[in-house]
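*Asks:* Protein chains in written order, with the numbering used here: chain A, 12 to 511; chain B, 1140 to 1485.
Right, dumping it as C-alpha cells:
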C-alpha cells in the first residue's frame, strides 16, 4: 500500500517551556510517508503543544524539525501550509456567514486579472469535492450546515493545499459513524498518495483501525512508539495514564426504580422533532443514540425549555412541568449539560467560582437579595474536590483550563442546582480517557442516588457501557428503544437509519 | 515577589517578552503617570491641596455616569445616549427648581425629593426602551443608543421651548436645591468639598454591592461573558439586559440632577459628549469591550485619571480644541491596549 517508507517529517528533541511548566520535554516523533501516525495521550499530555510548535504557533525552545530531510522552522501556519504541512483543527474556525467556497479559497482566491473569479472557484471546489466524494454544495452558507459537513469542508481545504503532511486533530469528535467511515476513506486515499498523516484522537477503536504507528505521550514526554498492530487497547490506556485502568467503564451498579419522568408528544416548533414519547425511571441512565441532526440534542433542549416546543407534556413524578425556560426547568429539578462547551457552557473570562455558582445563586442569599461569599467559596471548593478539577485557584479564568477540567466545573455547576433529572449532551466530548472514566462513574453514582440521567452520545461503546436503555432517534422521530445489555451496535445503526 | 521569582526563572527571550507584556498591559497607567509628572514639574501648583480637592470633586461628579456606562460595556454593549440622558435629567431637575419659572409659568419650586424622583423615573424609562430593544429584538446597542440619543436630544430642545422660555439657558435655581447639591460637606484649608461628593460615594457603594453581591450583578457579568451559556444556565437574559440599561438610565439621571445644581446653568448642550468621557474612563479602568470584565474600582480609577489629565492640561493652558484630540486619542489607545490583553495568542 505505502509506496514510500522514508521518513517525511521528523520532529527531534522538541522542548517547550511555559512559565512554571515544561510542556514538552525532548519529544522525538518520526512520521513516514504513506502512513498514518496516531498521537495519543491524555489532555495536557502535550499533543497540541507539539503540533503548535510544528506550525510555528509556539516558538519551540529546543529541538529541530526536518521535512523531507531539510530542517524547517515555520513562522506561522501560513508558512507551514505553503510548505505542504496542513492541519484540520478540532475547533472549527470558519467564516460562518460566507459560503463554502469562499472559506475554501480564503486568502488565495482564484482570479481573473484583479478580480476574483466565482467560476474558477466553483469549478476548483467541485473538482476537489468529487475527488474526495464529498457532497456539499459549494455555494451553501457555512452557518446553515451541520458541524459534520463543515468539518468535511475543513478537511477538503487541507487537502487542497497539496499537502505532504496533514495533521488531523480530533477530526471525528463531531462526526457520526457514517461520516467517520467517509473520513477514513479520505484518509486512506491520502495515505495511498504518499502523504504522511498525523492523527490525534481519544477514540481507541478508530485509532486501532486507521493508524499504522502509534506514539503515546504523557506529561509532555515521549513514552512509546509502536506499530499499531502490536498494541492492544489495554496497552495504549496503560501507557497513556501510566497506571492500570483495566476497564473503560466502571461496573454498573444502579438499579432503575419506578417510572419517574414522562415525556409525551414532544414536537419542535422550529425543528423537525416529531411526536417523541418516552418514559424514564428513577435511577436509570437512558441513552439517546442517532446520527448527527437526528434530533437527539433537540429532545434534551426541548425538555429543558431552551428550544420552542410545538407540543409536548413533561411530567416528573406525576407532576406536570411547564419548563418554558431554563430558569423554570432548573426549579423543576432539571439540569442540562450542553453539547458545545465553549459556545454555550463556559463563561470564558469569568472565574471558576463564578462559573460554578451561576445557576444556584439563590442558595447564597444571605440578607434579602445580597449574596454571601463564604458559602459560594465552600460550594466551589466542594466540587473542585469532588470532581478532582485541576485548577490553580478558584479565581482562575475558566478559559485557561483544559477541556476536561472545564467540563468538570460545569458539571459541578449543575450538581449544585440539586437536580432530579440530568440531561447530558455529549458529556465526554473532547475529554481524555481518565477524565471520561470519572464522568462515567459520576453518572452511575447519580443514578445510584435515584436520579434520572438522559445522555446523548455519538460514541456507541459509551452508550452501551453506561446506559440501561437506549432510545434511538432518526430524522426527528423516535425510531426505537433497545436494552443496552442485549443490543448490538448493528441493531442501533439499523434503527438510526430508519427515517434518515 | 512571586512574579519576580518567575521572571528570574525564565530564559532571556521569555523574560524579555514577559517584561514587554507587563509594560504594554500597564501602558495606559505609565503614560498617565509620566503625564502627571511632567505637568507637575512644569506647574507645581497642579498638585496643591486646592487642585487635588478640585480633581476629587470633578471625579465624584462624573462617577455615576461612568458606572452606568460601565454596566453597559460589561454586557459587551455600549451606551452613546448617556450624555443626552444626563442633559435631559438636568433640564427636568432645573425646570422643577427654578425660582422664576419660564418653562411652567407660575410653578413654584418643587420639593427636592420630587425632582429627584422625576428624573429617576425618566432615566429608568429611557433605559427600559434601550434595554428592551436590545433584549427583545437583538438590535446592536450602538444602533439602539444612537437612535435614543437623537430622540432624547429632541425632547431636550422641545422641553426648553416650553412656556415662554424659548430655548434659553435655565438658571436661577432654588437656594435649597443648590445647597443640597453644592453645599459644603467639609473644608480642607480653603478648599471646599461639596455635598455631592458624599452622594457620589453612596451611589458608588450601592453600585459595588449590586455588581458584586447580588444575583443580578453576577448575571450581568455572565451575560456579558457568554449570553448563550447564561441562557442555558437559568439566567433570565432579557431581564438582565433591560435591568442593566435601566440602572444605567437612573445613574445618568442622578448625574444630571447633580450637574444642574453644580454648574447652576442648564441648556441644550448640557451633557454633550459626556458619554465619551465615561467610555474613556471605563476603558482606562479595565472595563473591557470584550464583555464580562470590569470592576467598580476600575471605573473610579478611570474617571480619576481622566480628570487628572484634563485638569492638568488646563494648568498647561492647552488649547481647548486640542482637548478633544487628546480625549479621542486616550479612548483609542486605551482600547488598543485593552484588546491586546484579551487577544487569544496564536
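By construction, the Cβ of each residue, glycine as well, lies at the ideal position given by its N, Cα and C atoms.
Just confirm the distance between the C-beta atoms of residue 391/A and residue 363/A, as a whole number of angstroms; I'd bet it's less than 8 Å.
*Replies:* 6 Å
*Asks:* With respect to the beta strand (DSSP E) encompassing residue 390/A, which residues constitute its N-terminal and C-terminal limits?
*Replies:* Where residue 390/A is concerned, there is no enclosing beta strand (DSSP E), although the alpha helix (DSSP H) it sits in stretches over 384 to 398.
*Asks:* Would you grab the beta carbon distance between residue 278/A and residue 322/A for me? Rounded to a whole angstrom, and I think it's under 8 Å.
*Replies:* 5 Å
*Asks:* Give the range of the alpha helix (DSSP H) segment to which residue 1441/B is assigned.
*Replies:* 1435 to 1454
*Asks:* Pairing CB atoms from the region 1382 to 1401 of chain B with CB atoms from the region 1254 to 1267 of chain B, are three or more of them under 8 Å?
*Replies:* yes
*Asks:* Near residue 371/A, which residues of its chain fall below 6 Å by C-beta distance, leaving aside the five closest residues on each side in sequence?
*Replies:* 427, 428.
*Asks:* Please list the residues of the region 1348 to 1362 of chain B that have a C-beta atom closer than 8 Å to any C-beta atom in chain A, keeping them in chain order.
*Replies:* 1348, 1352, 1353, 1354, 1355, 1357, 1358, 1360, 1361
*Asks:* Given that residue 1371/B touches chain A, what residues does it touch there, using C-beta distances under 7 Å?
*Replies:* 317, 337, 347, 349, 355
*Asks:* Using DSSP with H/G/I as helix, E/B as strand and the rest coil, what is residue 192/A?
*Replies:* helix
*Asks:* Using three-state DSSP, classify residue 412/A as helix, strand or coil.
*Replies:* coil
*Asks:* Going by alpha carbons, who is nearest to residue 1210/B out of 1471/B, 1442/B, 1433/B, 1258/B?
*Replies:* 1433/B
*Asks:* In chain order, which alpha helix (DSSP H) runs of at least 4 residues are fully inside the region 1185 to 1222 of chain B?
*Replies:* Complete alpha helix (DSSP H) runs here, min 4: 1188 to 1213.
*Asks:* Contact between the region 484 to 504 of chain A and the region 325 to 336 of chain A is defined here as three or more beta-carbon pairs at a separation below 8 Å; is this criterion met?
*Replies:* no
*Asks:* For residue 1477/B, does the count of other Cβ atoms within 10 angstroms reach 16, so buried, or fall short, so exposed?
*Replies:* Residue environment analysis places residue 1477/B among the buried positions, since at least 16 neighbouring C-beta atoms fall within 10 angstroms of its C-beta.
*Asks:* Please give me, in chain order, every unbroken run of the alpha helix (DSSP H) with length at least 4 that falls completely inside the region 474 to 509 of chain A.
*Replies:* 500 to 507
*Asks:* In the DSSP assignment, the alpha helix (DSSP H) including residue 1315/B goes from what residue to what residue?
*Replies:* Unbroken alpha helix (DSSP H) run through residue 1315/B: 1314 to 1321.
*Asks:* In or out: residue 182/A buried (at least 16 other Cβ within 10 Å) or exposed?
*Replies:* buried
*Asks:* Please classify residue 384/A: is it buried, with 16 or more other beta-carbons within 10 angstroms of its beta-carbon, or exposed?
*Replies:* exposed
*Asks:* Secondary structure at residue 197/A, three-state DSSP: helix, strand or coil?
*Replies:* helix
*Asks:* Of the residues that make up the region 1418 to 1451 of chain B, which ones have a beta carbon closer than 9 Å to any beta carbon in chain A?
*Replies:* 1427, 1429, 1430, 1431, 1432
*Asks:* Counting only beta-carbon atoms, is residue 361/A nearer than 7 Å to chain B?
*Replies:* So, interface residue.
*Asks:* Got a sec: is the Cβ-Cβ distance from residue 3/A to anything in chain B below 7 Å?
*Replies:* As shown, chain A starts at 12 and ends at 511. That puts residue 3/A outside it, with no answer to give.
*Asks:* What did DSSP end up calling residue 233/A once you bin it into helix, strand or coil?
*Replies:* Three-state result, residue 233/A: strand.
*Asks:* Between residue 1477/B and chain A, is the shortest Cβ-Cβ distance under 7 Å, so that the two count as touching?
*Replies:* Judged by the 7 Å Cβ criterion, residue 1477/B is not in contact with chain A.
*Asks:* When Cβ atoms are compared, which residues of the region 1255 to 1289 of chain B fall closer than 7 Å to chain A?
*Replies:* none
*Asks:* Which residues bound the beta strand (DSSP E) around residue 376/A?
*Replies:* 376 to 378
*Asks:* What's the C-alpha gap between residue 35/A and residue 389/A?
*Replies:* 35 Å
*Asks:* Should residue 314/A be flagged as near chain B, meaning a C-beta pair shorter than 7 Å?
*Replies:* no
*Asks:* Should residue 518/A be labelled buried (16 or more other beta-carbon atoms within 10 Å of its own) or exposed?
*Replies:* There is simply no residue 518/A to check, as chain A begins at 12 and stops at 511 in what is shown.
*Asks:* Within the 7 Å Cβ cut-off, does residue 381/A reach chain B?
*Replies:* yes
*Asks:* Between which residues of its own chain and residue 1485/B is the CB-CB distance below 6 Å, once the five residues before and five after are set aside?
*Replies:* Reliability fails at residue 1485/B, whose pLDDT of 45 lies under 50, so the model's placement of it is uncertain and the value that follows must be treated cautiously. There are no such residues.
*Asks:* In chain B, which residues lie less than 9 Å from residue 72/A when you measure between Cβ atoms?
*Replies:* 1150, 1152, 1153
*Asks:* With 7 Å as the threshold, decide whether the Cβ of residue 372/A is near any Cβ in chain B.
*Replies:* yes
*Asks:* Can you say whether residue 315/A is buried or exposed, counting buried as having 16 or more other CB atoms within 10 angstroms of its CB?
*Replies:* buried
*Asks:* With a Cβ-Cβ cutoff of 7 Å, do residue 282/A and residue 309/A count as a contact?
*Replies:* yes
*Asks:* With burial defined as no fewer than 16 other Cβ atoms inside 10 Å of the residue's Cβ, what is the status of residue 108/A: buried or exposed?
*Replies:* exposed
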